[in-house]
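Residue 1 is where the sequence shown starts when you use the UniProt record's numbering, and the numbers rise one by one after that.
Below is one structure, written out as structure tokens; the observations come after it.
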Amino acid sequence: MRLSGVEPNHITFITLLSGCAEFPSKGRDLGSLIHGYVCKLGLNKEDVMVGTSLVEMYSKGEQVEVAKLVFDAMMVKNSVSWNTMIDGYMRNREYEKAVEVFDEMPQRDVISWTALINGFAKRGFYEEALDWFREMMIFGVEPDYVTIIAVLTACANLGTLSVGLWVHRLVLKQSFRNNVRVNNSLIDMYSRCGCIEFAREVFDKMQKRSLVSWNSIIVGFAVNGFAEEALKYFDAMQKEGFKPDGVSFTGALTACQLSQAAQEFTRMRLSGVEPNHITFITLLSGCAEFPSKGRDLGSLIHGYVCKLGLDKEDVMVGTALVEMYSKGEQVEVAKLVFDAMMVKNSVSWNTMIDGYMRNREYEKAVEVFDEMPQRDVISWTALINGFAKRGFYEEALDWFREMMIFGVEPDYVTIIAVLTACANLGTLSVGLWVHRLVLKQSFRNNVRVNNSLIDMYSRCGCIEFAREVFDKMQKRSLVSWNSIIVGFAVNGFAEVALKYFDAMQKEGFKPNGVSFTGALTACSHAGLVDEGLRYFDIMKRVHKISPRIEHFGCIVDLYSRAGKLKEAWDLVRNMPMKPNEVVLGSLLAACRNYGDISLAERIVKNLVALDPGSDSNYVLLSNIYAAVGRWVGASKVRRRMKALGIQKKPGFSSIEISGCVHEFVAGDKSHIDKDSIYAMLELLSFDLMSSGYAPEIVVRELYESD
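Here it is in structure tokens:
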């Protein structure tokens, strides 16, 4: 151009700089050359459009500080220049500097506000996006459709339905209420907030739809569990002349059962639509959820992605494979996939840790954790939650203490796992400390965290603390009500439990099976036989809830505690399912209290069939014989245990002091403070006998204690 004697003008420079901005890695050298040329002409300072193009180019090329030097040197700036500089800082995650530029603006328009709001939303800072949107509305700035889309994206990811509804009302008053992209965002927001009928209503009222509109409603129905509707819309889309793309098929595949998914996958390829990484991830996730049914399909997909190299090159596909094999009890295959991945992110590492924890390979999980280049809260939580879920509560608390020493802030999932451990160990002091931590965090109003606090306090015997947490909750779920009802029931406050059961229904919550378990437990502990049977009848007749084994267990316990052993045994024999150890155990304990040897013998036969190696059933039967003076029967039971090689496991007591759990067996003298402990025990025994209490003594033949 220049050799032909044609001098470039500002339009030429803007066009070239825009091209360099779009391809920053390839255009860096050319961009620098053009920058030097426009500097000679003074256009970088004097021409606002050229200067702004330079700012954009350097911002997109991750040279935001150079962009700021260009911006500061500009003699004239307009709103586009300012907004480009703000967007540049947001793009490069320099959020504070973006806000500083915003604050320095002589005049802000909707694009300036949107640059911040959209910047935060695009990068996952959804709460900040909504905060800036609220600020914008306070200043009386009317949003445009780009603002609305950014805000709806934030609402969808946070699940803030109330804000989403308010934005929808705002949209209906604006000129862009028929904007296809805005309506697509509304469909997505409602779908992800679980309000699929609202999403359908938006879709049905659209005057014009795009392929994205159809994809949004199909995926919305699929992820909300309405498979038939999703497939119905998938077919309707094609009848309307829209050709499905990868996202369309992903929605259809999500809706399908695994058997259908394989057919849909084949149909997709025959239609000439090549599956993308989202399709593979969706299919692999389905196989992971149903490992027994999905193994063959999973292997087929694995082979296909290997041909494309996605198992090594695409971190999301590789991670989905790791998850599928881990959930399918093929954790060693998962590790081979993991090791072959060329790129790993924190999700990949955490999935591998969770895979080993899921398959009870705890040492290997810790090895992977130790190998991580960088650990985040999810990595720590994968271990803590893994140990807590599998009953290793002390290990869960040990790892939590380690996490706190390293200064890692827990999230709400960590807190729930730790509270579960505290509840099962009865470590009230740790639970109290965690509660204080919760009160300082942003998730102090998290419903699931508060539900876990209620459960922890209830199981530690501090029901008043549980009630206090419940009463202060701004929002409650059915689980909240169930937790407090069961808490009062197991702590012996039957009347209060039933009072809360009634209050729950007045608040509009429909009781489920767990709610009735709480009510029946309350009746059982209080000896309210008729009341318990009434609740059992209401559960079946009014609420149409089919009784599960825990409900029958409550009724058996209800009869047993009231001495109605015949009724309890009749119920056990006529249950629609086989009784388990808990149901039979409660009736066996009642046989001891009421001296029913004949029934006890029949129950033990059933218990032995369920668990031949258990010592507790034999010991309890032996004690029942001894309690009524049938020493020969007690001796036979002990000899049978010896012949079968079954040894009585020593029972132990535990106590928590200063966050440490101490365990003791009978006659235990291993504790460092044994002398002080036994001195206190003798003092307590003396006080008990002085008050008229006598220990229960069962005499047995000397050789049986060998």
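All C-beta atoms in this analysis are idealised placements derived from N, C-alpha and C, irrespective of residue type, glycine included.
Counted as a single uninterrupted DSSP element, the alpha helix (DSSP H) harbouring T381 occupies residues V377 to K389. Straight across, the Cα-Cα distance linking R401 with Y393 is about 13 Å. Annotation: P24 to I11 spans about 20 Å, alpha carbon to alpha carbon.
In the three-state DSSP reduction, I538 falls in the helix class (H, G or I).
Listed in chain order, the non-local C-beta contacts of P579 below 6 Å within the same chain comprise V572, local neighbours out to five positions each way being set aside. At a Cβ-Cβ threshold of 8 Å, N345 and V322 do not count as neighbours. In this chain, the alpha helix (DSSP H) harbouring F686 covers K674 to S690. Spatial neighbours of V366 in its own chain (CB-CB distance under 8 Å, excluding positions within 5 residues in sequence) are listed in chain order as L383. By the C-beta density criterion, Y678 is exposed, having fewer than 16 other C-beta atoms within 10 angstroms. With a cutoff of 8 Å on beta-carbon distance, L588 and L558 are scored as not near each other. Looking at the backbone, the Cα of N512 and that of I545 are separated by about 7 Å. In the structure shown, the three-state DSSP call for T427 is coil. Using a Cβ distance threshold of 8 Å, Y500 and W481 count as a contacting pair. Taking the CA atoms as reference points, K364 sits about 38 Å from V486. As for any alpha helix (DSSP H) of minimum length 4 sitting wholly inside the UniProt repeat "PPR" (78 to 108), the runs are 79 to 91 and 95 to 104, ordered along the chain.
A direct Cα-Cα distance of roughly 12 Å separates V408 from W399. Collapsing the DSSP output to three states places I34 in a helix. Counting along the chain, no alpha helix (DSSP H) covers N445, and no H or E run does either.
Excluding sequence positions up to five before and after T351, its CB lies within less than 6 Å of the CB of T319, V322 and E323, all in the same chain and listed in chain order. About 6 Å separates the CB atoms of C554 and S524; that is less than 8 Å, so the two are in contact. The beta carbon of V76 lies closer than 6 Å to those of V48 in the same chain, with the five residues before and after it left out.
For I301, the number of other beta carbons within 10 angstroms of its own is at least 16, and it is reported as buried.
In this structure, DSSP gives I484 a helical state, which the three-state scheme calls helix.
Here the C-alpha atom of E531 lies approximately 30 Å from the C-alpha atom of K472. Contact between F133 and I149 does not hold, since the beta-carbon distance rounds to 12 Å and is not under 8 Å. The beta carbon of L310 is closer than 8 Å to those of H277, F280, V317 and G318 in its chain, skipping five residues each way along the sequence. The straight-line gap separating the alpha-carbon atoms of M85 and C155 is approximately 26 Å.
A distance of 8 Å or more separates the beta carbons of L54 and L30. Runs of alpha helix (DSSP H) with 4 or more residues, each lying fully within the stretch 566 to 597, are found at 581 to 594, listed in chain order.
The three-state reading of DSSP puts A154 in helix, counting H, G and I together. Spatial neighbours of F387 in its own chain (CB-CB distance under 6 Å, excluding positions within 5 residues in sequence) are listed in chain order as E395 and A396. Assignment of A494 by DSSP, reduced to helix, strand and coil, places it in the helix class. Collapsing the DSSP output to three states places D144 in coil. Contact between the stretch 214 to 229 and the stretch 188 to 199 is established, with three or more Cβ pairs separated by less than 8 Å.
In the structure shown, K312 adopts helical secondary structure according to DSSP, grouped into three states.
With respect to V434, C422 sits close: the two C-beta atoms are nearer than 8 Å.
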